[in-house]
Amino acid sequence: MLCSSPNGASNEQRTNGTNETGVPACLLELLNKTMPGTKARRSAPPPCSLHSIPSLSRNPRLPPPQKQLRKGEGGEEGAEMVVRIRLARFGCRNRPFYRLMAADSRYPRDGKHLEVLGYYNPLPGKDGGKRMGLKFDRVKYWLSVGAQPSDPVERMLFRAGILPPPPMLAMEHKGGPRDRRPIDPMTGCPLDIEGLTIVDDPNTLDGENGASVEETA
79 MLCSSPNGAS NEQRTNGTNE TGVPACLLEL LNKTMPGTKA RRSAPPPCSL HSIPSLSRNP
139 RLPPPQKQLR KGEGGEEGAE MVVRIRLARF GCRNRPFYRL MAADSRYPRD GKHLEVLGYY
199 NPLPGKDGGK RMGLKFDRVK YWLSVGAQPS DPVERMLFRA GILPPPPMLA MEHKGGPRDR
259 RPIDPMTGCP LDIEGLTIVD DPNTLDGENG ASVEETA
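The opening residue of the sequence shown carries number 79 in the numbering used here; numbering runs sequentially from there.
Right under this line is the structure:
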């Protein structure tokens, strides 16, 4: 006679790894661990919050930006620096004063610069001081190594004779010379000056001295 276990399963069923329902004991044990209400219940995971996800939080902590090395800095070939020749503003609100700077294009307008190349004062003083001063040799040097001037600086260098005129100023007027012949106020057609007799004295009446303003053709 087979003795039964407290769970109701016989020794033979335990040996075969099955119970009365025919379910394997290993599967039944796994179900008992995962089903609620059992002693072997695992603790529930903590609730997930949007703030715990870096990509969905309002102020995610981004990694610090890597320093971009310039060419020849740190013994490695870094990002190449594009030099711009531009104006940096100084002075108060109503009296601006500009300096011509050679600076990295990634820096702000009034930020760090490489060299001061001149100045420009749009409001000269009462003493009639110079409005613009340039270091011609240094400006030509930066232009020779590939520095790009801004639009206002390009116009300044054109007036100083360092750069050729901009494309818009170099364009010629199209359509030929302008017609400057006088217009007849009655008809609106241009008058032929060669066919007119002009009186020297405008106060002379018609018929006097045989001179009048009329067409001879």
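Glycine residues also receive a C-beta, built at the ideal position from the N, C-alpha and C atoms.
DSSP state of residue i mapped onto helix, strand, coil
i    : result
A103 : helix
L201 : coil
L212 : strand
Y176 : strand
A238 : helix
P227 : strand
Cβ-based burial, residue i [other Cβ within 10 Å; buried from 16]
i    : result
R167 : exposed
P227 : buried
L108 : exposed
V231 : buried
L105 : exposed
Spatial neighbours of residue i in its chain, beta-carbon cut-off 7 Å, leaving aside the 5 residues before and after
i    : result
A180 : V161, I163, H191, L192, E193, L195, W220 and A225
P174 : R167 and P200
P243 : F236
K213 : L195 and G196
Spatial neighbours of residue i in its chain, beta-carbon cut-off 6 Å, leaving aside the 5 residues before and after
i    : result
Y197 : R177 and G211
K218 : none
R171 : none
S183 : V160 and R162
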